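So the protein lines, in turn, are chains S and B. Each residue of the first sequence is one higher than the one before, counting from 47 in the working numbering. Each residue of the second sequence is one higher than the one before, counting from 46 in the working numbering. See structure below.
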Amino acid sequence: MTREIHFRDALREAMSDEMRRDERVFLIGEEVAEYDGAYKVSKGMLEEFGPRRIIDTPISETGFAGLGIGAAMMGLRPIVEFMSWSFSLVCADQILNNAPKMLYMSGGQFGCPIVFRGNDGAGGQLGSTHSWCVESLYANVPGMKIIIPSNPYDAKGLLTSAIQADDPVFCLESERMLSMAGDVPEESYTIPIGKAHIVRPGTDCTIVSFGRAVHFCMEAVETLAKEGIDCEVIDGRSIKPLDIDTIVASVRKTNRCVVVDQSWSFASVGSEVAAEVHRMCFDDLDNHVYRVHSDDVPAPYAWNLEQEMLPNAHKICQAVRGVTYTA
Amino acid sequence: MTTTTMPKTDQVTTPSTAQTPLPDADTLRKWLRDMMLIREFEVRSMQAYQNKLAGGFLHVYNGQEAVAVGCIGALRPDDPVITAYRDHGHALARGMDPKVGMAELFGRIGGCAKGKGGSMHFFDAEHHMYGGHGIVGAQAPLGAGLAFATKYRDEVMGSSKNNHVTLCFMGDGAINQGAVHEAMNLAAVLSLPVIFIVENNFYAMGTAIDRSTAAAGHICDRAAGYEMESAVVDGMDVLEVYRGMKPLVDYCRETSKPVFVDMRCYRFKGHSMSDPRKYRTHDEEAKWELEDPIERLAAHLQGAGGVTAEDTKAMAKTVRQEIRAAVDWAKQSPEPPIEELYHDVYVDRWGPYTGTSVPSFMQRRSSDREQTNDA
Ligand SMILES: Cc1ncc(C[n+]2csc(CCOP(=O)(O)OP(=O)(O)O)c2C)c(N)n1
Ligand SMILES: [Mg+2]
Chain S
47 MTREIHFRDA LREAMSDEMR RDERVFLIGE EVAEYDGAYK VSKGMLEEFG
97 PRRIIDTPIS ETGFAGLGIG AAMMGLRPIV EFMSWSFSLV CADQILNNAP
147 KMLYMSGGQF GCPIVFRGND GAGGQLGSTH SWCVESLYAN VPGMKIIIPS
197 NPYDAKGLLT SAIQADDPVF CLESERMLSM AGDVPEESYT IPIGKAHIVR
247 PGTDCTIVSF GRAVHFCMEA VETLAKEGID CEVIDGRSIK PLDIDTIVAS
297 VRKTNRCVVV DQSWSFASVG SEVAAEVHRM CFDDLDNHVY RVHSDDVPAP
347 YAWNLEQEML PNAHKICQAV RGVTYTA
Chain B
46 MTTTTMPKTD QVTTPSTAQT PLPDADTLRK WLRDMMLIRE FEVRSMQAYQ
96 NKLAGGFLHV YNGQEAVAVG CIGALRPDDP VITAYRDHGH ALARGMDPKV
146 GMAELFGRIG GCAKGKGGSM HFFDAEHHMY GGHGIVGAQA PLGAGLAFAT
196 KYRDEVMGSS KNNHVTLCFM GDGAINQGAV HEAMNLAAVL SLPVIFIVEN
246 NFYAMGTAID RSTAAAGHIC DRAAGYEMES AVVDGMDVLE VYRGMKPLVD
296 YCRETSKPVF VDMRCYRFKG HSMSDPRKYR THDEEAKWEL EDPIERLAAH
346 LQGAGGVTAE DTKAMAKTVR QEIRAAVDWA KQSPEPPIEE LYHDVYVDRW
396 GPYTGTSVPS FMQRRSSDRE QTNDA
């Protein structure tokens with residue numbers, strides 16, 4: 047049965063379902079237990095699963111992220127919550143050097159079935175240290191998968207897959223979407239990691255995006271439709287693996303492509319998609335790939351500057367008009 | 046729910062009054078005014094936040110005013126100070142103009158960081174305020190670095206010795222961050238004149254200190270592990286803060302050795318604006334509110350005879366006026382122009398980047414100075 051629930055509830059259902067199913071799964075992080083999660087994602091989980099499986103930590107990211115990795119080497123299936131992915135930079139060594147390389151370094155002896163999850167991207171005037179979009183930075187590292195759900199349905203299905211996965215998975219959520227409502231089945235289900243989703247079919251231009259930015263694209267597409275530009279919107283759903291096949295098939299049809307990636311442009315998810323599309327659709331393209339990113343500056347606090355810096359529907363419309371020669 | 050969780054603790058060490066005389070009456074009155082100014086600034090910050098004039102995260106300092114004022118009162122005006130994101134009090138105690146602070150909260154060009162930093166990032170180079178810092182524990186190595194630089198300038202570059210002392214504030218939640226321990230060890234090994242002050246308000250967000258911290262009642266033992274001098278100080282009484290800190294500041298200045306302080310205090314409000322404070326009881330809050338540092342100093346000054354209740358009222362009134370003026374000024378200050386996005390990213394000008402410049406409050410002062418020099 048399907049009912050409407052919030053994004054945060056969908057995340058919680060995925061975790062709770064897996065915890066009921068699999069005793070190896072536990073949740074650890076700052077404020078996840080007694081406070082119900084800094085953003086109430088784990089609300090009620092302490093009550094159901096108790097303090098041995100829902101574990102509050104000190105503010106010691108290196109400590110608890112690393113603890114999770116060690117536990118995963120012993121075969122447990124930790125879910126490590128970062129209050130924000132911005133704080134994961136404190137433990138970059140653990141999550142980038144240990145988790146994704148353990149299997150390789152041990153010649154296949156010790157895997158790392160762990161999920162790291164938390165808020166990614168601008169939360170709204172949080173300033174530069176708290177507004178990280180880590181996807182481009184982290185996607186550069188081999189050995190882990192990255193999922194980035196854009197709605198409650200995907201959140202539950204992708205996170206369930208992540209918890210069941212045998213490899214480390216980074217789940218990038220957004221504080222700005224946690225209260226978003228959407229239809230989600232009550233029962234457990236999975237969405238395969240590495241399969242994109244065509245949110246809106248169209249003929250004139252392919253727009254590829256991830257996470258919260260998908261909603262900016264949908265906003266832009268309405269404006270563009272009124273101008274007679276019919277866009278196809280692809281929600282990548284995961285960044286690693288990147289479902290380039292779905293993207294390429296779409297671009298071969300529309301002959302134009304815009305990538306919307308909320309991280310910085312240099313060596314980014316957006317530049318990766320663009321490079322692959324240029325390589326694989328060279329003869330199909332009417333124009334080079336256009337990219338929409340955050341401006342290459344630290345995130346400012348001031349509201350007007352932050353708005354200007356982040357990707358938005360207006361910038362996406364401009365890019366689509368540019369790539370379709372209708373500017 | 047967690048009930049009152051004050052761990053069994055080290056006793057507050059009360060230094061003997063004889064050894065540390067209090068400053069003169071004018072200074073004490075100024076401290077009272079400074080604490081009132083901070084409190085009023087926070088009251089208006091919260092209002093501004095509710096009215097959506099300020100955004101992001103807002104962490105107010107109500108209840109902890111004596112810590113910033115007393116500690117900074119034990120410093121020389123040119124000694125460096127650095128702290129975490131609950132930083133308005135330190136900046137104001139250091140002498141930041143409340144207008145400039147309020148404009149920063151409002152994200153305006155007149156702010157201390159031109160509206161680019163916000164509440165968690167109050168910087169003021171003129172007053173040797175090296176920032177509020179948003180990542181828990183991140184400022185501790187920086188504090189060691191500030192102290193390193195003051196010593197380096199004295200020993201390697203200096204013709205004169207300044208013997209600065211750096212104050213590095215942090216919350217009780219920060220002491221479980223690796224960065225803090227690395228900084229403490231470095232400060233000990235390199236013999237750096239820095240005082241690590243833990244504003245121990247017993248909670249990090251919703252986590253009571255004994256749920257997150259081993260030997261929570263004895264955090265000075267951590268300093269002992271680095272053979273560092275330490276003290277437990279009552280942070281709810283500015284006179285105690287001063288009496289506790291002054292000898293430590295003197296020691297740090299004379300010996301160039303680091304010091305660690307467990308400063309016991311309480312935040313009267315929630316962690317940030319979205320915290321319903323379900324993790325602590327009303328009784329506990331009420332008990333601490335009886336120790337309001339502003340009322341304690343006011344009572345002391347009235348008892349000592351120098352100040353009447355009317356004086357205190359008049360002082361409160363001027364402070365309210367000053368902060369109201371700051372709010373008005375901040376509202377008038379324009380939003381930062383869009384070009385500011387690409388300004389201050391690099392000192393160098395290249396590509397889209399337009400170099401850097403100091404904020405307007407410093408430009409004003411330096412042009413004032415130039416004019417006086419010309420005259
Ligand atoms: C590395 C890092 N992890 C988590 C956070 C989120 N966070 C902000 S403040 C805070 C609690 C800090 O408490 P404490 O150090 O006691 O300072 P107080 O708020 O009491 O002044 C947490 C967990 C952060 N800012 N940085
Ligand atoms: Mg605290």
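Ideal Cβ positions, reconstructed from N, Cα and C, are used throughout, including at glycine. Nothing here was measured: the structure is a model prediction, and the numbers come from that model.
> Nearest chain S C-beta to G100 (chain B) closer than 8 Å, yes or no?
Replying inline: Yes, its Cβ sits closer than 8 Å to a Cβ of chain S.
> In the structure shown, what three-state DSSP assignment does R153 (chain B) receive?
Replying inline: Note: R153 (chain B) maps to coil in three-state DSSP.
>> Here's a check: name, in chain order, each residue in its chain whose Cβ is nearer than 6 Å to the Cβ of E285 (chain B), leaving out the five neighbours to either side.
In response: So the list reads D279, once near-sequence residues are dropped.
> Would you report the Cα separation of M46 (chain B) and M91 (chain S), rounded to the nearest angstrom?
Replying inline: Confidence at M46 (chain B) is low in this model, with a pLDDT of 37, below 50, so its placement is unreliable and no value can be given for it.
>> So Y324 (chain B) contacts chain S; which residues on that side make the cut at Cβ distance below 9 Å?
In response: Under the 9 Å cutoff, chain S gives E80 and Y81.
> Could you give the C-beta distance for D212 (chain S) and G157 (chain S), rounded to a whole number, given that I count them as a contact under 8 Å?
Replying inline: Right, the Cβ-Cβ distance comes to about 6 Å (below 8 Å), so this counts as a contact.
> So does the region 254-265 of chain S actually touch the region 349-364 of chain S, counting three or more Cβ pairs closer than 8 Å?
Replying inline: A contact is defined here as three or more CB-CB pairs under 8 Å, and the region 254-265 of chain S meets this definition with respect to the region 349-364 of chain S.
>> Strictly under 8 Å for the Cβ-Cβ distance: is G175 (chain S) near chain B by that measure?
In response: Reading off the sequence, residue 175 (chain S) comes out as Thr, not Gly. Yes - at least one Cβ of chain B is within 8 Å of the one on T175 (chain S).
> Since M250 (chain B) meets chain S, which of its residues come closer than 8 Å, beta carbon to beta carbon?
Replying inline: Chain-ordered, the chain S residues with CB closer than 8 Å to the CB of M250 (chain B) read E76, E77, Y81 and A84.
> What runs of the alpha helix (DSSP H), each 4 residues or longer, lie entirely inside the region 103-187 of chain S?
Replying inline: Here the runs fully enclosed are 107-119, 148-151 and 181-185.
> Span of the beta strand (DSSP E) holding T211 (chain B)?
Replying inline: Residues T211 to G216.
> To which residues does DSSP link K191 (chain S) through a beta bridge?
Replying inline: As DSSP reads the structure, K191 (chain S) sits in a beta bridge with S:V215.
> Less than 8 Å separating the beta-carbons of G101 (chain B) and E380 (chain B)?
Replying inline: The Cβ atoms of G101 (chain B) and E380 (chain B) lie no closer than 8 Å to each other.
>> I'd like to know if Y387 (chain B) contacts chain S, where contact means its C-beta is closer than 8 Å to some C-beta of that chain.
In response: Yes, its Cβ sits closer than 8 Å to a Cβ of chain S.
> Which of helix, strand or coil does DSSP assign to K286 (chain S)?
Replying inline: It is a strand residue.
> Hey, which residues come within less than 6 Å of ligand 2, measuring from Cβ to any heavy atom, in chain order?
Replying inline: Qualifying residues come out as B:G216, B:D217, B:G218, B:N246, B:Y248 and B:A249.
> Hey, how far is the Cα of Y85 (chain S) from the Cα of R74 (chain B)?
Replying inline: C-alpha separation (whole angstroms): 43 Å.
> If we ignore side chains and look at the alpha-carbon of each, how far apart do T50 (chain B) and Y287 (chain B) end up?
Replying inline: Only weak support is given to the placement of T50 (chain B): the predicted model assigns it a pLDDT of 48, under 50, and the question is left unresolved by the model.
> Is the CB-CB distance between F241 (chain B) and G108 (chain B) below 8 Å?
Replying inline: In this structure, F241 (chain B) lies away from G108 (chain B), with their beta-carbon atoms at least 8 Å apart.
>> I'd like to confirm the pairing. Which residues does DSSP put opposite S255 (chain S) in its beta bridges?
In response: Beta-bridge pairing links S255 (chain S) to S:D281 and S:V306.
>> Just to confirm the assignment: which complete alpha helix (DSSP H) runs, minimum length 4, are found wholly within the region 254-330 of chain B?
In response: Qualifying alpha helix (DSSP H) stretches, in chain order: 254-257, 265-270 and 283-300.
>> I'd like to know if the region 349-367 of chain B and the region 68-87 of chain B are in contact, where contact means that at least 3 CB-CB pairs between them fall below 8 Å.
In response: Three or more beta-carbon pairs separated by less than 8 Å link the region 349-367 of chain B to the region 68-87 of chain B, which places the two stretches in contact.
> Any Cβ of chain B within less than 8 Å of the Cβ of M355 (chain S)?
Replying inline: Output row for M355 (chain S): interface = yes.
>> So, at 8 Å on beta carbons, what are the nonlocal neighbours of S90 (chain B) in its own chain, with the 5 sequence-adjacent residues on each side left out?
In response: Closer than 8 Å at the Cβ level, and outside the excluded window around S90 (chain B), lie A99, L103, V105, H133, M147, L150 and S164.
> In three-state terms, what does DSSP make of R394 (chain B)?
Replying inline: In the structure shown, R394 (chain B) adopts extended strand secondary structure according to DSSP, grouped into three states.
> In this structure, does DSSP put T417 (chain B) in helix, strand or coil?
Replying inline: Unreliable placement is indicated for T417 (chain B), whose pLDDT of 48 sits below 50; no coordinate value is reported for it.
> Does the Cβ of A129 (chain B) lie closer than 7 Å to at least one heavy atom of ligand 1?
Replying inline: Yes; taking the cut-off as 7 Å, the Cβ of A129 (chain B) has a heavy atom of ligand 1 nearer than that.
> Is I362 (chain S) helix, strand or coil when you go by DSSP?
Replying inline: In the structure shown, I362 (chain S) sits in a helix (DSSP, three-state: H, G or I).
> Is the shortest distance between the beta-carbon of A111 (chain S) and the beta-carbons of chain B less than 8 Å?
Replying inline: Judged by the 8 Å Cβ criterion, A111 (chain S) is not in contact with chain B.
> When Cβ atoms are compared, which residues of the region 338-354 of chain S fall closer than 8 Å to chain B?
Replying inline: Answer in chain order: D341, D342, V343, P344, P346, Y347, A348, W349, N350, L351 and E354.
>> Residues of the region 156-186 of chain S in Cβ contact with chain B at a cutoff of 9 Å, in chain order, please.
In response: So the close ones are G169, G170, Q171, L172, G173, S174, T175 and H176.
> E244 (chain B) bridges to which residues according to DSSP?
Replying inline: Answer is B:G216 and B:M308, bridged to E244 (chain B).
> For H388 (chain B), which three-state DSSP category applies?
Replying inline: Correct three-state label for H388 (chain B): coil.
> How long is the line joining the alpha carbons of V114 (chain B) and I244 (chain S), rounded to whole angstroms?
Replying inline: If you take the alpha carbons of V114 (chain B) and I244 (chain S), they lie about 59 Å apart.
>> For W178 (chain S), count the other beta carbons within 10 Å of its own beta carbon; 16 or more makes it buried, fewer makes it exposed. Which is it?
In response: Flag for W178 (chain S) reads buried.
> On the three-state DSSP scale, how would you describe V239 (chain B)?
Replying inline: In the displayed model, V239 (chain B) falls within a strand according to three-state DSSP.
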